[in-house]
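What follows is a set of notes on a single structure, which appears directly below.
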Amino acid sequence: MPLARPARAAVLLAACSLIVTGCAGSESPDKAKASATLDNCGRKVRVDKAPRHAVSLNQGTTEILLSLGLADRIAGTATWTDPVMKGLEKANAKVPRIAENNPSFERVLDSEPDFVAASFVSTLGKGGVATREQFEKLGVPTYVSPSDCAGKDNSGGGDGKRDKPLGIDAVYGEVRDLATVFGVKDRGDKLVASLQQRMKKATQGVDASDVSLMYWFANSESPYLAGCCGAPGIMTRALGAKNVFDDTHEEWPQINWETVADRNPDVLVIGDLTRNSETAESAKRKIAFLESNPATKNMDAVKNKRYVLLSGQAMNPTIRTVEGVEKVAAGLREFGLVK
């Protein structure tokens, strides 16, 4: 992706310098917190002052920032699959949406960011918005969700592979990291405590050891189904269930429907997305496909309409993965598969 025009880059560098060295007198104590240095996805990230013009390039990171009460410090957001999380509508309305999908590098620079965050390595890598190095050369620190790095190989094609299961602690760690960067550590601790309490409540007394699940994110011709070890793995393990494709370490392998039918999961966990980049994005279209396709219409879960609908964000490693645990647990109770 091309670099910014020389004049634009010079203006940005000047703005970044001003943000780092000035304006402390006009900030509240919360905003004027001192520097932070983080170990993030194999690199050191130093933020000399709590950001005031952050850009969040994925919905997952944006919803964390909004949940931390930082809407007034987000200069732009991009790449959304779903409506914003309930309770954050008013805060989100204050934040400029610079693109529904990946924006251009220059479009991000137009927001004059002093910090850029993303949920995925691919967003801040080759073929994404720009590389981390491109931003850092302009004095803009960057951050990638640790859940997309820990135990994961993103060097190949597709959505990467994990050599070990992801834990929910990686999501909590991201919350704490971002709270530290923005000088609102107490808010981060409170948000993590709330998420932990919800997880405990959702899983209390649930034993789904006899239940098999399949997670379908998108695409009807060559569906993206969850492998063992990403966010769906967090849900599956939390409930003691089994993912019928836990024998693959790919994050979202594309698997044919005949194989799905052979494995015949008890429950289908279906992504209900509002974007339009793949076929069968919405749950309505997915269900219509399942109930008409010769390979899938006779599956037990389809005949018995055992569907659990989740937002796309709940199926990624985000704070909404907790929402996913809650909804899958509720579905299993409704279907009479657990007490």
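For reference, each letter of the sequence shown is one residue, going -24 to -1, 1 to 315 in mature numbering (1 follows the signal peptide of the UniProt record, and there is no 0).
Built from N, CA and C at the ideal position, the CB exists for glycine as well.
All figures in this text were calculated on a predicted structure; none of them were measured in a lab.
Straight-line gap, residue i to residue j (C-alpha atoms, nearest Å)
i	j	result
Asn252	Lys113	34 Å
Phe111	Thr38	19 Å
Asp48	Asp58	22 Å
Asp276	Gly181	26 Å
Ala264	Val284	15 Å
Val243	Ala67	35 Å
Glu3	Gln173	Residue confidence is low: Glu3 scores 38 on pLDDT, short of 50, so the model does not pin down where it sits. No coordinate-derived value is stated.
Short Cβ contact (9 Å threshold) for residue i with residue j
i	j	result
Lys25	Ser43	no
Arg282	Gly36	no
Tyr191	Asn219	yes
residue 331	Leu142	With the chain covering -24 to 315 only, the question about residue 331 has no answer from this structure.
Ser121	Ala146	yes
Val92	Leu33	yes
Leu41	Leu154	yes
Val31	Pro89	yes
Asp124	Leu313	no
Endpoints, the alpha helix (DSSP H) within which residue i is located
i	result
Lys177	161 to 179
Phe265	259 to 268
Lys66	65 to 69
Lys113	108 to 113
Ala146	145 to 157
For residue i, three-class secondary structure by DSSP
i	result
Trp233	helix
Ile50	strand
Lys279	helix
residue 336	The chain is shown from -24 up to 315; residue 336 falls before or after that span and cannot be answered.
Lys102	coil
Lys140	coil
Arg239	helix
Ala184	coil
Glu197	coil
Phe96	coil
Cut-off 7 Å between Cβ atoms - residues of its own chain near residue i, not counting five sequence neighbours on either side
i	result
Ala271	Trp233, Glu234, Ala237
Thr255	Asn195, Ser196, Glu197
Leu249	Thr57, Asp58, Ala194, Glu257, Ser258, Gly288
Own chain partners of residue i with C-beta closer than 6 Å, once the 5 adjacent residues on each side are dropped
i	result
Ile144	Ile210
Val157	Ala12, Val23
Ala178	Val301, Glu302, Ala305
Lys140	Gly127
Lys137	Asp129, His225, Glu226
Arg239	Val220
Spatial neighbours of residue i in its chain, beta-carbon cut-off 8 Å, leaving aside the 5 residues before and after
i	result
residue 321	The structure shown does not extend to residue 321, since the chain is modelled only from -24 to 315, so the question has no answer here.
Val168	Tyr148, Val151, Arg152
Asn78	Leu33, Ala54, Thr55, Thr99, Gly104, Val105
residue 324	The structure shown does not extend to residue 324, since the chain is modelled only from -24 to 315, so the question has no answer here.
Any chain D beta carbon closer than 9 Å to residue i
i	result
Ser123	The structure shown contains no chain D; it is built from a single protein chain.
Limits of the unbroken beta strand (DSSP E) element including residue i
i	result
Leu249	Neither: Leu249 is in no beta strand (DSSP E) and is coded neither H nor E.
Leu14	12 to 16
Phe193	188 to 194
Thr118	118 to 120
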